[in-house]
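To keep things clear, I will list the structure first and then write my remarks on it.
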Amino acid sequence: MMPDFRHDRARRGAARTASRRAALVGLGCLVLSACTGSQPSRELGFAMPPRYLEAAPAPSNIGPHWWRAYRRPELSRLVEKALADNLDIAAAVARIRQAEAQILTSRAALLPTLNGGASGSRSRSGFSGSESSSFSTTLSTTYVLDLFGRNRALLEGVQATAQATRVDKDYVALIASATVATTYFQLITAQDRVAIAERSAATAERVLRAIRARTAAGTTSDLEVAQQEALAAGLRAAIPGLRTQITSARNALAVLTGTVPQDFAAGGGSIAALALPVIRPGLPSDLLLRRPDVKEAEIRLAALDANIVAARAAFYPSISLTGQGGFQSNALAILFRPDSALYSLAGSLTQPIFDPGTLRGNLELQRGLFDEALQVYRKAVLTALSDVSNALEATRRTSEQVRFQTQATMAARRAFSIVDGRLREGVVDIVTLLNTQTTLFNSEDALVQARYARAQASVALFQALGGGWTPETPLTEVTPAGEPALRPTP
1 MMPDFRHDRA RRGAARTASR RAALVGLGCL VLSACTGSQP SRELGFAMPP RYLEAAPAPS
61 NIGPHWWRAY RRPELSRLVE KALADNLDIA AAVARIRQAE AQILTSRAAL LPTLNGGASG
121 SRSRSGFSGS ESSSFSTTLS TTYVLDLFGR NRALLEGVQA TAQATRVDKD YVALIASATV
181 ATTYFQLITA QDRVAIAERS AATAERVLRA IRARTAAGTT SDLEVAQQEA LAAGLRAAIP
241 GLRTQITSAR NALAVLTGTV PQDFAAGGGS IAALALPVIR PGLPSDLLLR RPDVKEAEIR
301 LAALDANIVA ARAAFYPSIS LTGQGGFQSN ALAILFRPDS ALYSLAGSLT QPIFDPGTLR
361 GNLELQRGLF DEALQVYRKA VLTALSDVSN ALEATRRTSE QVRFQTQATM AARRAFSIVD
421 GRLREGVVDI VTLLNTQTTL FNSEDALVQA RYARAQASVA LFQALGGGWT PETPLTEVTP
481 AGEPALRPTP
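Take 1 as the starting number for the sequence shown in full-length UniProt numbering and just add one per residue.
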């Protein structure tokens with residue numbers, strides 16, 4: 001039964017429809033605001049800020065191959081292998097194929113169908129003994145008139161869903177590339193920490209030999225020897241756990257790049273030698289066009305709006321035309337003679353008269369799904385703003401941490417050099433010696449971890465800003481190594 005739009009409930013539905021249309025117009029304004037810098041529609045519930053508080057306003061300099069900005073050939077090789085062979089990306093590509101197949105199915109509903117058939121039979125009567133034959137060939141066609149746009153709307157919804165699936169593949173690629181970079185930095189950081197622990201343990205064992213020599217000379221006690229032995233053993237005890245971290249990071253990289261862990265090799269270089277790029281975030285409105293997850297949420301809104309149009313069109317009549325033509329004869333030899341021809345034409349109209357709520361329920365369901373997706377989109381925009389703000393703050397604070405920790409490490413090295421000299425002279429107490437060794441090891445280890453945190457924050461900022469993604473530059477399309485990772489300063 002067609003809905004009575006004079007009814008109060010129908011008028012409320014129309015108001016919701018107008019609100020939803022305004023929301024879609026607002027989304028269009030959001031996209032325009034990303035280009036013009038104007039304020040977005042109030043349908044979002046908030047205005048995009050004009051700039052980030054943590055950074056000076058400047059155009060973004062992020063190119064589509066951001067990982068190359070670290071100038072690590074091994075990192076570039078791993079990221080680009082992941083973009084080619086990562087299984088999550090491969091699964092996303094399979095989802096694209098599924099969505100494109102659904103487009104073919106939905107497009108077919110707009111076109112007529114044509115079927116052909118042929119049959120032949122021969123029968124004999126048991127009473128009279130007479131025999132008869134029948135032969136026929138037919139072509140039949142059916143066409144559903146899409147007068148109220150239901151099939152067209154369904155096609156538009158499926159097309160939008162397919163586009164969202166393509167954007168989702170780029171989001172999966174962004175996550176994969178960022179995870180490869182972070183895991184690679186974990187790997188070289190763990191290797192640096194192993195080197196520090198081994199060097200510190202070797203130093204502690206050298207000091208232990210010196211203390212034992214003094215004990216043999218009667219200038220120190222067994223207590224001092226035991227304390228130094230405990231320190232040396234403790235440093236050695238830290239190494240197995242760090243080696244486990246190396247193995248875990250290497251295996252994680254193997255999975256990310258679609259490689260059997262036993263066949264994977266990586267891990268050259270040091271986190272201390274890592275060059276960090278200077279990243280300009282651009283404007284907050286850029287996120288509406290450069291974050292694939294935000295763009296995907298926006299496209300899915302369009303798909304759900306098309307589903308609402310289709311659900312509304314289901315209240316109206318469905319008109320279909322059918323036609324059939326062919327030949328039928330009792331003898332195969334005369335089957336295709338003009339007097340054996342047959343045809344039929346028919347039209348039908350189907351109108352829901354009594355519906356206990358199925359159509360109305362489906363329409364309200366589609367409206368509810370749209371409203372839910374609108375909130376998801378709003379949250380995606382807020383999350384994107386939060387991600388960039390957090391990453392900018394982390395980048396600044398971890399840089400400060402590295403600077404201060406570098407100063408602390410340099411002071412710890414000077415202190416140990418002084419104590420080591422006094423040890424050779426035999427004029428240092430064991431407490432000062434133990435404390436100085438421990439302080440130096442902890443400072444050097446903390447410096448390596450601070451450098452990792454700074455590198456991790458840098459990767460998080462690249463990811464939060466979309467990794468240089470635009471709808472025209474999919475992240476899985478890797479250009480030759482000569483392509484710049486960062487855009488030049490204008």
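Glycine included, each C-beta is placed from N, C-alpha and C at the ideal position.
For the pair Ala310 and Ala153, the CB atoms are nearer than the 8 Å cut-off. Taken atom to atom, the span from the alpha-carbon of Val167 to that of Ala238 is near 44 Å. Cα atoms of Trp66 and Val180: separation of roughly 13 Å, rounded to the nearest angstrom.
In this structure, Tyr143 and Pro292 do not form a Cβ contact; the two beta carbons are roughly 40 Å apart against a cut-off of 8 Å. Apart from the 5 residues on each side of it in sequence, Ala346 sits with its Cβ closer than 6 Å to the Cβ of Thr322 in its chain, given in chain order.
In the displayed model, Gln456 falls within a helix according to three-state DSSP. Secondary structure in the segment 250-331: the beta strand (DSSP E) runs of 3 residues or longer, each lying completely within the stretch, are 318-329 in chain order.
Non-local C-beta neighbours of Ala412 in its own chain, meaning closer than 7 Å and more than five positions away in sequence, comprise Thr439, Leu440 and Ser443, ordered along the chain. Annotated three-state conformation of Ser340 is helix, per DSSP.
Pairing Leu461 with Thr383 gives a Cβ-Cβ distance that is not under 8 Å. Shown here, Thr247 sits in a helix according to DSSP, grouped into three states.
By alpha-carbon distance to Thr189, the top candidate from Ser340, Leu335, Gln456 and Gly467 is Gln456. By the beta-carbon neighbour count (other beta carbons within 10 angstroms, threshold 16), Gln366 is buried. Taking one beta carbon from each stretch, the segment 198-208 and the segment 223-231 have 3 or more pairs nearer than 8 Å; the two touch.
By the criterion of at least three beta-carbon pairs nearer than 8 Å, the segment 250-261 is in contact with the segment 78-98. When secondary structure is reduced to three states using DSSP, Glu131 falls in the strand class.
Under the DSSP assignment, Arg122 falls in the beta strand (DSSP E) whose first and last residues are Thr113 to Arg124.
The secondary-structure analysis by DSSP pairs Thr105 with nothing; it has no beta-bridge partner.
Going by C-alpha positions, Leu174 is about 14 Å away from Asp387. For Ile299 and Val158, the gap between their C-alpha atoms comes out near 11 Å. Our two residues, Val419 and Tyr452, have alpha carbons roughly 30 Å apart in a direct line. Across the set Phe336, Glu156, Ser140 and Ala314, the C-alpha of Ala314 shows the shortest separation from the C-alpha of Thr350.
Here the alpha carbon of Arg71 sits roughly 43 Å from the alpha carbon of Arg422. Distances from the alpha-carbon of Ala197 to those of Thr165, Ala216, Thr183 and Arg236 put Arg236 closest.
With a cutoff of 8 Å on beta-carbon distance, Val381 and Val294 are scored as near each other.
When the beta-carbon positions are compared, Ser60 and Arg280 come within less than 8 Å of each other. Around Val376, the same chain offers Ala297 as residues with beta carbons nearer than 6 Å, after the five sequence neighbours per side are excluded. Listed as beta-bridge partners of Ser140 by DSSP are Asn115 and Gln324.
Rounded to whole angstroms, the separation of the alpha carbons of Ala373 and Leu342 is 54 Å. From the listed residues Arg337, Val278 and Ser119, the smallest Cα separation to Ser134 is found for Ser119. In the three-state DSSP reduction, Leu345 falls in the strand class (E or B). In this structure, Leu475 sits away from Pro73, with a CB-CB distance that is not shorter than 8 Å. For Leu147, no alpha helix (DSSP H) segment is defined, and its DSSP state is neither H nor E. Pro284 is a Cβ neighbour of Pro49, given a cutoff of 8 Å. A straight line joining the alpha-carbon of Ile103 with that of Thr358 spans about 25 Å. For Ala302 against Ala162, the beta-carbon gap comes to about 12 Å, at or over 8 Å, which does not count as contact.
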